[in-house]
Amino acid sequence: MIINHPLLGPRDAQEFVYLGDASLIDRPDASGETALDDFHDYLYLRDNPAGSHKELWFHEQGDRSWLVVTRDTRTHEITHVELAFEYAKRRGRDK
Amino acid sequence: MSQKSRLDGGLIDRSRPLSFSFDGKNYTGYAGDTLASALLANDVRLMGRSFKYHRPRGVFSAGSEEPNALVELRSSARREPNTRATVAELFDGLEASSQNRFPSLRFDALAFNDAFSSFLSAGFYYKTFMWPAAFWEKLYEPAIRRAAGLGRLYGKEDPDNYDKGFLHCDLLIIGSGPSGLATALTAGRAGAEVILAEEDFIFGGRLLAERNLLSEQDGSEWAATVISELQSLANVRLLSRTTVFGQYDHGIFGAVERVSDHLPEPISHKPRQVLWRIYAKRALLTAGATERPIAFENNDRPGIMLAGAMRAYANRWAATASQDIAIFTNNDDGHRTARDLSAQGVNIVALVDCRIDAPPSTEFEVLSGAQVVNSRGRLGLKSIQVQLRDGSMKELACGALGLAGGWNPNVHLTCHKRGRPIWNDKISAFVPATDTDPLLRAAGAAAGILSTHGALLSGAGKAIEALKELDISARTPILPKAEDAPVNIAPFWYVKGGKGRAWLDLQNDVTVKDIKLAHQEGFKSVEHVKRYTTLGMATDQGKTANIGALAVLAEMEGKTIPDVGTTIFRPPYTPVSIGAFAGGSRGKEFRPYRLTPSHKWAEEQGAVFVEAGNWLRAQWFPIEGESHWRQSVDREVIAVRKSVGICDVTTLGKIDVQGADAAEFLNHIYCNGFAKLPVGKTRYGLMLREDGFAMDDGTAARLAEDHFIVTTTTANAVPVFRHMEFCRQCLWPGLDVQLISTTEAWAQFAVAGPNARDLLQKIVDPTHDISNEGFPYMACGEITICGCLRARLFRISFSGELAYEIAVPTRYGDALIRRLMEAGKEFDVVPYGTEALGVLRIEKGHSAGNELNGQSTAAMLGMGRMVSQKKDSIGRVLTGRPHLLREDDYRLVGLKPVNAGDPILSGAHLMNVGEIANAANDQGWVTSAAYSPHIGASIALAFLKKGDQRLGEVIRIVSPIDNLEIEGEVTSPHFIDPEGERLRV
Amino acid sequence: MRYSALRILLEGIRGHTGWKPVWRDPAPQPDYDYIIVGGGGHGLATAHYLAKIYKKARIAVLEKGWIGGGNVGRNTTIIRSNYLLDGNEPLYEFALKLWEGLEQDLNYNAMVSQRGILNLCHSDAQRDAFRRRGNAMILNGADAELLDQHQVREMAPFLDFENARFPIKGGLLQRRGGTVRHDAVAWGYARSAYSHGVDIIQNCEVTGFKIEKGLVKGVETSRGYIGAKKVGVAVAGSSSRVMAMAGLHLPIESHVLQAFVSEGLKPLIPGVITFGAGHFYISQSDKGGLVFGGDIDGYNSYAQRGNLPVVEDVLEGGMALMPMIGRARLLRMWGGLMDMSMDGSPFIDKTPIEGLYFNGGWCYGGFKATPASGYAFAHLLATDAPHETATELRLDRFRAGAMIDEKGAGAQPNLH
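Set out below in structure tokens:
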């Protein structure tokens with residue numbers, strides 16, 4: 001596969017390490033009353049669609065960016081790639 | 001020199017005769033021959049034996065689809081089994097042997113299987129060999145295994161080298177027949193970056209095998225002209241002897257170039273084969289088509305072959321399987337074979353055409369509406385029985401029979417991403433589904449366009465189309481005038497009514513009856529039929545076999561062939577050497593070595609090294625008079641405890657953490673607190689995974705308000721850094737913090753033992769106070785040594801002694817170890833290796849990889865209370881789950897043998913005294929064990945249920961796998977200095 | 001129809017006209033007592049044991065394509081019970097015992113071949129871990145032997161002992177491990193289930209569950225609605241998709257695992273051998289093909305095909321371990337869909353929906369478990385209580401923190 005890195009252009013997927021569903025960015029509030037359940041769901045019940053999937057890839061043999069890649073799990077077609085840092089900030093993680 | 005069946009003409013170089021041997025007999029061929037063509041020219045028809053019935057077989061095709069003529073090529077460690085004689089390029093001195101026969105090809109003892117074939121129907125083995133049960137491994141299976149298999153591997157290391165490479169292009173063209181050449185010419189002239197890959201050793205495809213394809217010029221001449229123009233273009237790369245074997249995601253193709261297979265052995269330092277990973281923006285499949293046979297009773301005799309192959313042998317290689325040939329066809333292409341051979345002076349006994357409206361001929365007898373129903377000749381075809389249109393039978397003597405059942409486009413690569421081909425009625429074959437793959441198009445015969453004129457035009461057209469998507473404009477070149485014959489075919493797959501066996505899969509011996517039996521037994525899906533009968537599972541993957549079986553199955557099911565469907569096309573297109581996939585990654589070069597800065601010095605000391613991941617670390621340093629590793633290790637351990645020792649700890653991961661929010665960041669990633677760590681201090685940190693289990697441990701040293709150095713274990717350096725970047729970029733992107741791995745940037749040595757400070761004082765510049773007061777336990781700082789060399793000093797200890805770790809830029813690592821050893825002479829300093837390091841840390845009760853194996857919680861490690869509840873750190877919340885808080889969980893303890901001489905084995909399990917040793921009574925296990933010179937006995941760390949409450953208890957340490965059991969006493973894991981006084985002096 | 005050598009002789013003489021279908025293709029009944037969704041190894045084994053051992057009737061197996069078309073027909077055929085943890089080992093050892101009697105039980109030769117499985121180790125820490133595991137196996141009633149380098153060399157002299165990057169230090173041997181002809185397992189179970197009255201319905205895709213007040217009533221299929229008292233789902237690879245139709249979210253990701261076979265060769269490799277310093281394991285089939293594999297590709301996928309980097313990684317491991325195979329040729333590579341669970345261990349459990357049961361999450365190790373998985377699932381379906389070998393394989397174990405994590409990789413499916 002080829003991942004079109006937003007900063008570095010197309011790179012072989014072999015340069016990256018895969019983590020999984022991008023929902024791992026949405027780490028729950030640890031002080032909430034339902035934290036135990038929230039963290040269980042967060043860690044163990046990830047999305048596993050047959051179709052478009054937002055997922056985390058780490059450019060380990062490159063610039064060490066974490067990327068959010070939108071990829072179809074049936075065809076492996078990649079439709080969108082962005083920096084996880086930007087994505088996370090958009091999800092309010094910098095607050 | 002007798003090449004009895006050599007004809008005139010052809011693309012062979014008669015000025016370069018080559019000698020070769022087959023089954024020990026010497027022959028001569030010419031440069032340009034394949035092994036198969038040379039054998040045919042020498043009148044050899046019998047070339048192999050089939051897999052199951054060991055039936056005599058001859059060459060069937062003239063290409064990579066060959067099912068029959070498989071040989072062991074070359075000898076000793078270069079012997080390669082199952083090489084298709086049809087693609088083995090002849091070289092001087094080539095040695096080949098037939099395979100899967102005993103004692104010889106002509107008299108094969110295992111051919112008795114054939115006599116019992118009526119009991120060896122499809123899947124018979126599922127129904128027997130079951131009694132008695134124990135006989136399977138002892139009797140039946142060994143016999144089956146000996147009989148099965150094809151060629152033999154030599155069993156010794158492959159002496160040849162392999163390599164890998166990466167190529168990029170605008171357009172990859174797969175196959176160099178008429179359509180491929182037209183494509184390459186169009187794209188090459190347009191300036192596109194082009195790769196043209198051809199599996200054969202000459203470019204041209206069917207242009208080489210046919211006559212009269214072009215009206216004004218010989219096909220091979222035109223091919224040579226085009227190739228010579230392409231060679232002159234800098235933007236075109238020509239790869240002959242290169243098979244594009246697979247299509248993968250996003251335009252990546254796998255290809256193998258057989259660089260040296262046409263030579264007796266590779267030229268020195270050249271690889272035998274190269275695996276290319278080709279990144280293509282667009283690709284065109286111009287891989288042509290494969291002819292298919294027609295099945296009838298005893299259709300497998302040597303001499304019976306594909307009609308198009310006969311033509312190729314006659315036209316390109318000037319060889320024929322016989323001087324008396326018959327053709328059996330269902331389409332006009334069979335007539336072309338008869339015409340070409342006739343033109344070469346071969347006698348066409350008859351052309352048997354199953355169509356009643358077969359075109360007539362003035363050159364040979366055409367039997368229209370007739371069928372070949374049987375054949376004779378044990379080791380080679382002698383005659384065929386033909387059922388004429390009126391039903392009467394006629395026996396025709398002939399030495400070879402050409403089968404022309406139509407052509408299947410080579411759609412394989414278009415289906416590697418799980419695409420399915422579609423049926424084309426006009427040519428009665430599957431063709432690539434159009435427009436399903438934006439990256440790979442097909443043209444020419446591969447797309448079902450079987451005329452030369454059509455192939456040329458479609459090649460150029462598809463090239464223009466593909467390049468347009470890349471914003472490269474191209475024009476159709478002037479193409480030669482070529483034949484444009486329509487396809488006239490009457491689908492006809494097998495002759496009905498025969499009582500005997502009609503072969504579909506020649507290599508695996510699958511017959512029409514087998515397909516019918518499978519269907520009768522309920523195996524109706526095409527995949528079931530394949531798996532039950534082994535159809536299409538041989539080395540040729542059913543290239544000439546599958547379609548006939550689909551037709552039989554369709555008839556049984558009352559469906560059409562497309563409704564029955566195909567099995568899945570999988571890479572590789574043709575088999576690829578395992579060596580090529582591995583390239584240079586084998587032996588010592590399997591993975592790179594990582595060497596520590598003191599490696600050269602350690603080598604000079606005669607150190608014994610051990611792999612730690614990709615690192616090589618000194619395991620111990622034997623000195624004169626030591627004959628057993630324990631002597632060296634005990635000496636090193638004692639030296640550290642008594643005076644001072646030095647160990648290279650560069651392999652530990654080092655991560656620089658900088659930024660205004662660095663402390664807050666560490667507070668998140670460690671379960672214990674870091675916010676209040678003063679500048680100039682180091683703290684032990686335990687890192688949990690989000691699931692609450694220990695991920696890694698190490699230290700973090702605060703060099704400045706906004707600057708920490710984190711260390712990790714050797715094994716986890718990479719994953720911990722990745723994890724920290726995840727936390728930084730994805731979880732807390734608002735923090736002002738930056739990370740960089742500096743593992744390789746700093747050489748780091750542990751200096752441990754009561755004299756450690758005295759030693760260091762000799763090299764640390766006097767401006768730095770490293771006295772116990774000035775630089776107490778857990779202090780850290782940036783210093784200079786040896787006169788202004790920048791260094792970092794950490795007063796941390798893994799051994800339990802007064803100890804430091806000192807780091808200098810890596811390029812000074814070698815100098816530093818030499819200087820330290822020199823300075824330490826007065827203290828009898830010793831270098832110590834990983835083995836002594838392990839003993840020292842077990843004596844001290846520190847956890848390492850065996851304890852931190854991903855299955856341990858902080859509580860198990862005795863660090864449950866370290867998990868701060870006051871802050872949000874990774875792993876804190878899920879540590880609160882019931883099973884992680886269990887009181888009866890495992891706890892880290894020490895073990896000492898009750899009888900001091902008993903050894904404790906790491907990996908032994910713990911049982912209560914008086915209980916049976918079984919899983920239900922299991923109390924835990926030994927994680928690390930060592931002989932402790934300090935204690936004078938074997939000691940160990942272990943996880944024991946409720947271990948923290950069982951100190952002083954006697955427990956059984958059992959290792960049934962070693963038949964060993966001893967008694968041990970449960971102790972604190974700290975065998976030495978539990979109060980930590982030695983650390984602080 | 002009973003299979004025997006005599007029967008083959010008889011049929012051979014009369015031209016094989018007497019062989020009956022191994023299973024029939026009936027039209028679905030309007031309702032059943034038990035519906036098993038998924039006609040793979042686990043589903044068919046479940047039906048077999050449910051009918052034969054638990055004496056249940058009115059059972060149907062629904063298969064969306066052709067039976068045995070999933071992972072039971074696309075694996076590397078290895079059987080073994082060399083697990084470490086008490087949550088796993090009893091089940092796999094139970095499976096191995098069932099394998100040992102399978103042919104007699106099914107009257108079908110699935111070629112269970114106990115030629116041994118040898119896991120190589122290359123470091124002291126690995127050897128320690130093998131000793132711990134080998135002891136755990138023995139304590140659970142399985143067989144295990146720890147071999148030193150010399151013993152490994154006697155067994156497999158063709159391994160690289162001279163020039164290895166990661167020298168072989170020894171190995172963990174389970175002599176009762178080995179291989180089984182994978183397709184035959186599906187067919188053997190199907191044949192037996194059919195002979196015990198089970199309806200095996202192919203080309204019947206489940207498209208939804210009918211659930212009323214928390215109780216399952218039946219399934220919607222591509223061949224119409226079928227009622228059921230109990231529904232058991234065993235659709236590894238598609239678990240998430242199928243269970244989502246019942247509104248359930250699973251601790252599972254779908255990944256692709258590639259496997260490989262070489263051209264046929266005369267016998268060369270004694271049993272199963274696994275490399276401890278790379279991703280590679282290998283055996284040789286009775287037909288002569290070297291059957292081998294390695295690591296999963298590592299990304300979520302439903303494509304049933306993988307990519308080149310992993311192919312190269314696996315074959316690099318192969319050449320590092322046994323450099324004699326360089327001149328053998330790779331014949332075919334394929335990819336299967338793995339249910340990668342969050343701790344690397346499977347599930348055989350009830351679901352929050354009454355009457356709906358789940359069997360899945362087998363990662364890349366489901367084949368070897370087939371008989372025990374079917375047996376335990378049948379037990380659960382028949383008795384509503386977990387089989388004694390499968391008490392820990394619960395869907396809610398992550399909530400309690402009772403993970404069964406053999407590798408210690410944590411909640412990272414692609415590392416298990």
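Chains as they are written, first to last, in UniProt numbering: chain A, 1 to 95; chain B, 1 to 985; chain C, 1 to 416.
Every residue, glycine too, gets a C-beta built ideally from N, C-alpha and C.
Can you tell me whether residue i is buried or exposed? The criterion is at least 16 other CB atoms within 10 Å of its CB, across all chains shown.
i        : result
Cys788/B : exposed
Leu9/C   : exposed
Arg617/B : buried
Ile325/C : buried
Gly180/B : buried
Lys52/B  : buried
Phe581/B : buried
To the nearest angstrom, report how far apart residue i and residue j are at their CA atoms.
i        : j        : result
Pro386/C : Ala917/B : 26 angstroms
Leu652/B : Glu835/B : 16 angstroms
Leu8/A   : Val194/B : 25 angstroms
Thr286/B : Arg11/A  : 28 angstroms
Ala326/B : Gly369/B : 15 angstroms
Val867/B : Ala700/B : 16 angstroms
Ser220/B : Arg84/B  : 24 angstroms
Lys945/B : Ser906/B : 17 angstroms
Thr712/B : Val720/B : 7 angstroms
Tyr87/A  : Asp297/C : 25 angstroms
Ser375/B : Trp136/B : 39 angstroms
Phe158/C : Glu316/C : 16 angstroms
Leu94/B  : Tyr30/B  : 12 angstroms
If you follow the beta strand (DSSP E) that residue i is in, where does it begin and where does it stop?
i        : result
Asn424/B : 422-424
Glu965/B : 964-971
Met687/B : 682-688
Taking 8 angstroms as the cut-off, decide whether the C-beta atoms of residue i and residue j are in contact.
i        : j        : result
Leu337/C : Phe280/C : no
Val22/C  : Ala110/C : no
Pro371/C : Ala95/C  : yes
Starting from residue i, trace the alpha helix (DSSP H) in both directions and tell me its first and last residue.
i        : result
Asn315/B : 307-317
Ile669/B : 662-669
Met403/C : Note, Met403/C: premise wrong, no alpha helix (DSSP H); not H, not E.
Lys871/B : Counting along the chain, Lys871/B falls outside any alpha helix (DSSP H), and DSSP gives it neither H nor E.
Exercise. Are the segment 266-279 of chain B and the segment 163-177 of chain B touching, with three or more C-beta to C-beta distances below 8 angstroms?
Worked result: yes
For this session: Answer yes if the segment 329-349 of chain C comes into contact with the segment 209-227 of chain C, meaning at least three C-beta pairs across the two stretches below 8 angstroms, and no otherwise.
Result: no
For this session: For the segment 3-15 of chain B and the segment 41-50 of chain B, state whether three or more C-beta atom pairs, one from each stretch, are separated by less than 8 angstroms.
Result: yes
For this session: Check whether the segment 114-123 of chain B touches the segment 528-538 of chain B, taking contact to mean three or more Cβ pairs, one atom from each stretch, closer than 8 angstroms.
Result: yes
Exercise. At a cut of 8 angstroms, does the segment 537-557 of chain B reach the segment 481-494 of chain B through at least three beta carbon pairs?
Worked result: yes
For this session: Determine, using beta-carbon pairs with one atom in the segment 968-981 of chain B and one in the segment 917-936 of chain B, whether at least three such pairs fall under 8 angstroms.
Result: yes
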